[in-house]
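Notes for the one structure printed next.
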Amino acid sequence: MLKQLFVKYLRKILIFTVFVLVAQIVLRHFFPQIISPYASFLVLLFLTVTTVSHLFVLKTDAKRLEYTPDPSKTKEEQMRDLMKIERKFISNYFLSTTVKLLLFLVVLLLYMLLCKKNMMIFIVNFFVLYLVYSAFEIVVLKKPIKK
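Count along the sequence shown starting at 1, add 1054, and that's the number in the working numbering.
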């Protein structure tokens, strides 16, 4: 089940990334002053980091989706087991989000220290991509909840 969920997610994020790259190319053609020369590398960074963090969270989510109550246990024990899985999922999600945020801060700091040229354009491009990929991740994570 984990492999199926990951392949489905990978397909979605790759299609999404193609749209982001097309939008970037169009913007670079019409408004070259607002797109950083490193914007394509930023898209690759966000694609990679978001995919790896989603795989990490998905491992716990697969356990949550595959959970079947043990009939030999009481309802209270079954609820305890389910809550344990839920807490693990939430912890992993927050851990992956924190690691991503720290990694992104390091990238920003390194760019600010090493490349002073076009710093504001880079930061704005970075922030826009962060918001876009965060929104994508939230939408994808909420879909199984609705089902």
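Beta carbons: idealized from backbone N, C-alpha and C, even for Gly.
* L1099 to E1130, Cα distance in whole Å? -> As a first step, residue 1099 is located in the sequence shown; it is residue number 45 there, counting from the start. As a first step, residue 1130 is located in the sequence shown; it is residue number 76 there, counting from the start. Here the C-alpha atom of L1099 lies approximately 44 Å from the C-alpha atom of E1130.
* If you check the beta carbons only, do V1074 and V1178 fall under 9 Å apart? -> Here residue 1074 refers to the residue found at position 20 of the sequence shown. Here residue 1178 refers to the residue found at position 124 of the sequence shown. Going by C-beta atoms, V1074 is not nearer than 9 Å to V1178.
* To do: Enumerate in chain order the residues of its own chain whose CB-to-CB distance from T1104 is below 7 Å, with the five nearest sequence positions on each side excluded.
  => Position 50 of the sequence shown, counting from 1, holds the residue named residue 1104. Around T1104: I1067, Y1187 and E1191.
* Asked: Between S1090 and K1154, which are expected to be in contact by the criterion C-beta below 8 Å, what is the C-beta distance as a whole number of angstroms?
  -> Here residue 1090 refers to the residue found at position 36 of the sequence shown. Here residue 1154 refers to the residue found at position 100 of the sequence shown. 20 Å between Cβ atoms; not a contact.
* **Alpha-carbon spacing of K1200 relative to L1059, whole angstroms** => Mapped onto the sequence shown, residue 1200 falls at position 146. Mapped onto the sequence shown, residue 1059 falls at position 5. Reliability of the predicted coordinates at K1200 is poor, the pLDDT of 47 falling under 50, and no value is obtained from them.
* **Minimum length 4: unbroken alpha helix (DSSP H) runs contained in the region 1116–1177** => Fully enclosed alpha helix (DSSP H) runs of 4 or longer: 1129–1168.
* To do: Using 10 angstroms around the beta-carbon of V1193, count the other beta-carbons present and answer buried if the total reaches 16, otherwise exposed.
  => Along the sequence shown, read from residue 1 onward, the residue named residue 1193 stands at position 139. When all chains shown are included, V1193 counts as exposed.
* On a CA-only basis, which of K1117, V1161 and S1094 is nearest V1072? Give me that one, please. => Stepping through the sequence shown from its first residue, residue 1072 is reached at position 18. Measuring from the Cα of V1072, the nearest candidate turns out to be S1094.
* To do: Please confirm whether R1013 and I1139 have their CB atoms less than 9 Å apart.
  => With the chain running from 1055 to 1201 in the structure shown, residue 1013 is simply not present.
* Using the Cα positions of K1197 and Y1063, report the straight-line distance between them to the nearest angstrom. => In the sequence shown, residue 1197 corresponds to position 143, counting from 1. In the sequence shown, residue 1063 corresponds to position 9, counting from 1. The alpha-carbon atoms of K1197 and Y1063 are separated by roughly 11 Å.
* Span separating the alpha-carbon of K1151 from that of I1144 -> Counting from one through the sequence shown, the residue named residue 1151 turns up at place 97. Counting from one through the sequence shown, the residue named residue 1144 turns up at place 90. Residue identity check: residue 1151 is Thr in the sequence provided, not Lys. Using only the alpha carbons, I get a separation of about 11 Å.
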